[in-house]
Amino acid sequence: MSEPIIYVEQLRKSYGSVEALRGVSFQVQEGEVFGLLGPNGAGKTTTVEILEGMRTADAGQARVCGLDPRRGGVAFQQQIGAVLQQTALPDKLRVGEAVELFARLYGRRRDLGALLERLGLADKQHAFYNTLSGGQRQRLALALALVHEPRVLFLDEPTAGLDPQVRREIYEIIEELRREGKTILLTTHYIEEAERLCDRVAIMDYGKLIALGTPAELRQRSSNTTRITVRLKEPIEDGRLRQLDGVVDCRPILDGYLLHSQRPPQTLVALVKQLEALGNELQSLEISAPTLEDVFIELTGRSLRD
Amino acid sequence: MRTTWTLTKMRMRLALRNRAFLFFSLLMPIAFLFLYASLFAKGEPRVVGYLFPSVLALTVMGSFWGLSIQLVLFREHGILRRFRLTPAGPGALLASSLLSNYILTLPTVVLEFVLVRTVYGVTMFGNLWGVGLFLTLGIVTFAAFGLIVASLTSTIQETQVLNNAIWFLFLFFSGATLPLVFFPEWLQRLSMFLPATHLVVGLQFTLIGALPVRLLGTEVIALVGGGGLAFVLSWKLFRWEPEEKISRSAKAWAAAVAIPFLLLGVWENAVNVRRTELQEIYKSVGERASPLPNPH
């Protein structure tokens with residue numbers, strides 16, 4: 019295997035008494051889309067910002083393209099592009115001007131029109147930044163990250179706060195970059211995003227990496243359980259459902275309950291009997307393979323949105 | 037240099053699209069000019085000429101307001117952190133602030149010269165090269181003070197409080213509003229410690245007295261030293277992120293900007309030349325123009 023393009027070894031970082039990173043290690047190969055999945059406060063952004071050179075680790079090692087992010091200088095900056103989580107541009111800067119400005123700062127003269135076209139911003143190039151929608155701002159952030167054709171792209175929560183339609187548009191752009199062989203490290207707390215976009219996913223919680231593998235490998239870890247989503251006519255104590263045969267976990271969801279069962283047939287029989295005894299009715303039932311969310315729940319005992 | 041110029045063009049573009057900038061950097065100085073010339077000088081050319089350096093000083097000193105607010109706003113909104121990942125370092129960002137401010141202040145200054153000449157008939161502009169030098173030093177130095185203010189504050193509110201305090205001192209105790217000769221002696225002596233006084237004095241002596249710059253060494257040293265120190269320290273204390281704390285040592289470093297002015301203030305008070313010369317200039321103008329009141 020070739021030298022990893024991103025190398026992270028035993029990274030530690032504290033903010034006062036809070037340990038944000040507690041010995042995080044992973045490697046990313048060139049051309050790979052690598053995801054850091056975890057809830058808010060898991061340490062994803064701290065990890066990415068150390069790799070971008072914006073923060074200094076208290077201990078451990080981080081290298082990107084063979085360079086130390088804190089000491090790599092302009093040579094390092096030319097290698098990486100980033101979509102930051104909390105950032106903005108001046109209100110009265112036009113889209114076209116912003117892209118041209120960043121291209122000049124990096125000393126690159128590429129076809130900026132084609133870049134805007136590709137990101138669906140061609141008709142917005144004369145628009146001021148403060149008139150753009152959330153999705154357009156995020157596409158502009160991607161354009162600025164790509165303007166100097168970096169080898170590695172860091173995307174910190176690239177679709178956070180966007181509506182599903184816009185989120186899908188961003189997914190398509192990332193998938194296109196993936197096809198081009200761009201190395202991408204993205205952080206997310208959306209399961210769908212990690213499963214759809216990432217070649218490998220590292221699950222983080224409380225500053226530690228608790229699982230690492232391809233989405234399929236991680237799902238296999240949870241292969242001994244099956245998701246059963248039920249919607250009932252009347253609400254029921256979830257404690258009763260937890261006691262059903264084969265059920266290892268039960269959580270109320272928006273309009274029903276999510277059960278994890280190790281013996282689905284027995285669970286279903288027990289469920290029907292229970293409902294009959296209570297005079298309740300089953301309105302819908304879905305059986306599906308486990309997702310990364312299930313893996314996260316198994317590993318941490320919490321859901322990503324807790 | 038290329039990066040600085042690229043950022044300078046962006047800053048100028050943004051400033052010209054900002055109505056607040058146009059108000060404070062163009063309309064307000066012109067309004068001050070008309071106020072001084074029509075109300076205080078009653079349109080008398082010699083008195084307008086006497087008060088004109090004060091108007092120019094106010095135009096130039098205003099630089100620190102806009103730059104400090106803009107830099108803090110950029111940091112608060114996360115704009116600076118986006119530039120942090122680019123090859124544009126703090127030096128280029130700060131230098132572009134000074135350069136864009138300089139280029140954008142010049143048209144207002146030129147317009148003020150045109151107005152005092154055409155509207156009020158002022159024809160004597162003393163040592164114009166010297167005036168140009170003091171205007172340049174003033175614009176750059178006071179803008180650099182703005183960068184120091186931004187390095188010491190984290191929010192717009194804090195910046196406005198600090199700006200108000202500094203502006204109050206500069207406005208009322210430097211001779212920019214009321215000529216120094218009207219102040220009691222102890223206040224005149226204190227005013228010699230203010231950077232703004234060196235600018236006002238420099239402009240008065242070159243514009244009214246037509247003095248060569250070589251006789252204004254103290255004022256040149258004060259503005260060059262103070263401005264240079266302010267720029268270097270603002271670079272050293274530059275913060276990209278709003279949550280980056282301001283250390284005590286940073287505050288101590290920022291206070292070092294006052295050192296040249298403290299030393300020169302002690303020197304001026306010891307030799308006591310400028311105060312006497314300012315009295316003489318005032319008298320020479322007063323003998324030939326009626327609106328000037330008796331200072332004591």
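Protein chains in written order, with the numbering used here: chain A, 19 to 324; chain B, 37 to 332.
Glycine residues also receive a C-beta, built at the ideal position from the N, C-alpha and C atoms.
Q.
Does the region 167-178 of chain A come into contact with the region 201-210 of chain A, if we say contact requires no fewer than three beta-carbon pairs (one atom in each stretch) closer than 8 Å?
A. yes
Q. For T233/B, which of A306/B, S210/B, G114/B and T242/B has the nearest alpha-carbon?
A. S210/B
(Q) Buried or exposed, going by whether 16 or more other CB atoms sit within 10 Å of the CB of Y275/A? (A) buried
Q.
Along the region 144-177 of chain A, where does the CB come closer than 7 Å to a CB of chain B? Name the residues.
A. none
Q. Is it true that the CB of F88/B sits closer than 8 Å to the CB of L243/B?
A. yes
(Q) Just to check my reading of the structure: V51/A and L215/A have Cβ atoms closer than 8 Å, yes? What is that Cβ distance to the nearest angstrom? (A) 6 Å
Q | Distance between L58/B and S326/B (C-alpha atoms, nearest Å) | A | Reliability fails at S326/B, whose pLDDT of 49 lies under 50, so the model's placement of it is uncertain and no value is given.
Q: Check each candidate in P215/B, L151/B and L116/B and name the one with the smallest Cα separation from L130/B.
A: L116/B
Q: For the alpha helix (DSSP H) containing T131/A, list its first residue and its last residue.
A: Note on identity: in this sequence residue 131/A is Gly, with Thr being the wrong assignment. L130 to R136 is the span of the alpha helix (DSSP H), which, as asked, contains G131/A.
**Q.** D86/A, buried or exposed, once every other Cβ within 10 Å from all chains shown has been counted against 16
**A.** exposed
Q) Mind checking if E37/A is an interface residue toward chain B, Cβ cutoff 8 Å exclusive? A) no
Q. Taking the Cβ atom as the reference point for each residue, do A93/B and G174/B lie within a distance shorter than 8 Å?
A. yes
Q: Starting from the C-beta of L43/B, find all residues in its chain whose C-beta is less than 7 Å away, skip the five residues before and the five after it, and write them out in chain order.
A: A124, A128, L129 and S132
Q) With 16 other CB atoms within 10 Å as the buried threshold, where does S74/B fall? A) exposed
Q) To which residues does DSSP link D4/A through a beta bridge? A) Only positions 19 to 324 of chain A appear in the structure, and residue 4/A is not among them; the question remains open.
Q: Using three-state DSSP, classify I295/B as helix, strand or coil.
A: helix
Q. According to the Cβ coordinates, are T243/A and H278/A closer than 8 Å?
A. yes
**Q.** Secondary structure of S326/B, DSSP reduced to three states
**A.** At S326/B, the pLDDT of 49 sits below 50, so the modelled position is not reliable; the number obtained from the coordinates is stated separately. Coil, per DSSP.
Q. Grouping DSSP H, G and I as helix and E and B as strand, with all else coil, what is P270/A?
A. strand
Q: Out of P278/B, F170/B, R153/B and G263/B, state which residue places its alpha-carbon closest to the alpha-carbon of L290/B.
A: Contrary to the premise, residue 290/B reads as Ala rather than Leu in this sequence. Of the candidates P278/B, F170/B, R153/B and G263/B, the one whose C-alpha sits nearest the C-alpha of A290/B is G263/B.
**Q.** First and last residue of the uninterrupted alpha helix (DSSP H) at T144/B
**A.** P126 to T154
Q. Counting contacts by CB-CB distance shorter than 8 Å, is I202/B in contact with chain A?
A. no
(Q) Restricting to runs no shorter than 4 residues, where is the alpha helix (DSSP H) found entirely within the region 180-224 of chain A? (A) 182-197 and 209-215
**Q.** Residues of the region 108-120 of chain B whose Cβ lies closer than 7 Å to any Cβ of chain A, in chain order
**A.** H113, G114, I115, R117, R118 and R120
(Q) Within 10 Å of its beta-carbon, does P283/A have 16 or more other beta-carbons around it, so buried, or fewer, so exposed? (A) exposed
Q) When the cut-off is 8 Å and only beta carbons count, does Q97/A lie next to chain B? A) no
Q | Residue closest to L109/B, alpha-carbon to alpha-carbon, out of F219/B, T312/B and R275/B | A | R275/B
Q) Taking 8 Å as the CB-CB cut-off, is R122/A touching chain B? A) yes
Q | 8 Å Cβ cutoff, V92/A in contact with chain B | A | yes
Q. If we call anything under 8 Å between Cβ atoms a contact, is P233/A one with V248/A?
A. no
Q. Which residues in chain B sit within 9 Å of P87/A, going by Cβ to Cβ distance?
A. None at all; the shortest Cβ gap to chain B is about 10 Å.
Q) For G301/B, does the three-state DSSP call read helix, strand or coil? A) helix
**Q.** C-alpha distance - L269/B paired with E187/A, whole-angstrom precision
**A.** 45 Å
Q) What's the C-alpha gap between L272/A and E279/B? A) 37 Å
Q) How far does the alpha helix (DSSP H) with R122/A in it reach, from first residue to last? A) V113 to L123
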